[in-house]
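Enquirer: Residue numbers (this note's numbering), protein chains in the order written: chain F, 1 to 96; chain V, 1 to 62; chain U, 1 to 93.
#1: For residue 9 of chain F and chain U, any beta-carbon pair shorter than 8 Å?
#2: Near residue 94 of chain F, which residues of its chain fall below 7 Å by C-beta distance, leaving aside the five closest residues on each side in sequence?
#3: So within the segment 4 to 50 of chain F, which uninterrupted alpha helix (DSSP H) runs reach at least 4 residues, ignoring any that extend past its ends?
#4: Of all the residues that make up the segment 77 to 93 of chain U, which are near chain F by a beta-carbon distance shorter than 8 Å?
#5: Can you tell me whether DSSP reads residue 82 of chain F as helix, strand or coil?
#6: May I have a chain-ordered list of the beta strand (DSSP E) segments no shorter than 3 residues that lie completely inside the segment 24 to 85 of chain U?
#7: Using a threshold of 8 Å, state whether the C-beta atoms of residue 63 of chain U and residue 82 of chain U are closer than that.
#8: For residue 60 of chain U, tell me which candidate among U:14, U:25, U:71, U:18 has the shortest Cα-Cα distance.
#9: Thinking C-alpha only, which one of U:53, U:43, U:57, U:72 is nearest residue 45 of chain V?
#10: Alpha helix (DSSP H) containing residue 40 of chain V: first to last residue?
#11: According to DSSP, is residue 55 of chain F part of a helix, a strand, or is it coil?
#12: Under 8 Å by Cβ, that's how I've got residue 22 of chain F and residue 57 of chain F pegged, so tell me the actual separation to the nearest angstrom.
#13: Whose Cβ in chain U lies nearer than 8 Å to the Cβ of residue 24 of chain V?
#14: By DSSP's criteria, residue 72 of chain F is part of a beta bridge. Which residues make up the other side?
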């Protein structure tokens, strides 16, 4: 188990709506806004807006995550966008 | 075991007791379990119908 | 005295953790449902990169069932990918 896999749900939750750089296995890096971290697999799900108006969604698998660095915090517009991606009716409880 | 053979898994990995789900998800346990059941049924149905084989045959990472 | 004093800090913490877990898990499960029938790129170990149409995942996130898998050696119509072989995957929404 890696440090990332051992985190608690509330620790993972603190990354939601943050822009992060993820260092993954074999020196791969990924950057995007954290949508969620699956509490079963520790997979981290990222969204990155594209120029064509679409979103690029990537997931780094929990076992391959080596480091997660927070680089930015979402403003209200971005939070709104992120929370509507998969859950159109979600309440805004955790997005302070 | 899962992940080592060239055949799809025969056992259903999704059978979790509700008590365990309640401990993990509290009042949300039923909602999560309902979503998981739907997802697992879809996975099992697709595997029955399409008979997918593991690719690659040998795991890349042991 | 008040009702809240009957709730120990431990219970409150446990409930907060459970609610957090529900939110995180639900979002992830919904993302997997949204991925069905979409073309997805997989970055795997040993610098193996493949694309496929996503089908479904088992609930323990150990195996992904995919179709039309484009491998370096050709197309495999139906396949299972081991999540332990995958570093990352991506698709457009």
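Glycine included, each C-beta is placed from N, C-alpha and C at the ideal position. Please read all numbers here as calculations on a predicted model, not as lab measurements.
Expert: On the basis of the data shown:
#1: Residue 9 of chain F sits at position 9 when you count from the first residue of the first chain. For residue 9 of chain F, the answer is yes, since a Cβ of chain U falls inside 8 Å of its Cβ.
#2: Translated into positions along the first chain, residue 94 of chain F becomes position 94. Its pLDDT being 44, under 50, residue 94 of chain F is placed unreliably by the model, and the measurement read from it follows with that caveat. Answer for residue 94 of chain F: 13, 16, listed in chain order.
#3: Every unbroken stretch of the alpha helix (DSSP H) spanning 4 or more residues and falling wholly within the segment 4 to 50 of chain F is given here in chain order: 9 to 13.
#4: Legend: CB atoms of the segment 77 to 93 of chain U lying less than 8 Å from CB atoms of chain F belong to residues 83, 84, 86, 87, 88, 89, 90, 91, 92, 93.
#5: Along the first chain, one-based indexing puts residue 82 of chain F at 82. Residue state, collapsed to three classes: helix.
#6: With a minimum length of 3 residues, the continuous beta strand (DSSP E) runs that stay inside the segment 24 to 85 of chain U are 39 to 44, 48 to 57, 63 to 71, 74 to 82.
#7: Along the third chain, one-based indexing puts residue 63 of chain U at 63. Along the third chain, one-based indexing puts residue 82 of chain U at 82. Yes; because the gap between Cβ atoms is below 8 Å, this pair is in contact.
#8: For the purposes of this step, residue 60 of chain U is taken as the residue at position 60 of the third chain. With respect to the C-alpha of residue 60 of chain U, the residue from U:14, U:25, U:71, U:18 having the closest C-alpha is U:25.
#9: Residue 45 of chain V sits at position 45 when you count from the first residue of the second chain. For the residues U:53, U:43, U:57, U:72, the minimum Cα distance to residue 45 of chain V belongs to U:57.
#10: Indexing the second chain from 1 puts residue 40 of chain V at position 40. Residues 29 to 50.
#11: For the purposes of this step, residue 55 of chain F is taken as residue 55 along the first chain, with counting starting at 1. Looking at residue 55 of chain F - three-state DSSP - the assignment turns out to be strand.
#12: If you number the first chain from 1, residue 22 of chain F lands on position 22. If you number the first chain from 1, residue 57 of chain F lands on position 57. In this structure residue 22 of chain F does not touch residue 57 of chain F by the C-beta definition: roughly 14 Å separates them, more than the 8 Å allowed.
#13: Position 24 of the second chain, counted from the start, is the residue given in the question as residue 24 of chain V. Within 8 Å Cβ-Cβ: 18, 21.
#14: In the first chain, counting from the first residue as 1, residue 72 of chain F sits at position 72. BP columns for residue 72 of chain F point to F:19.
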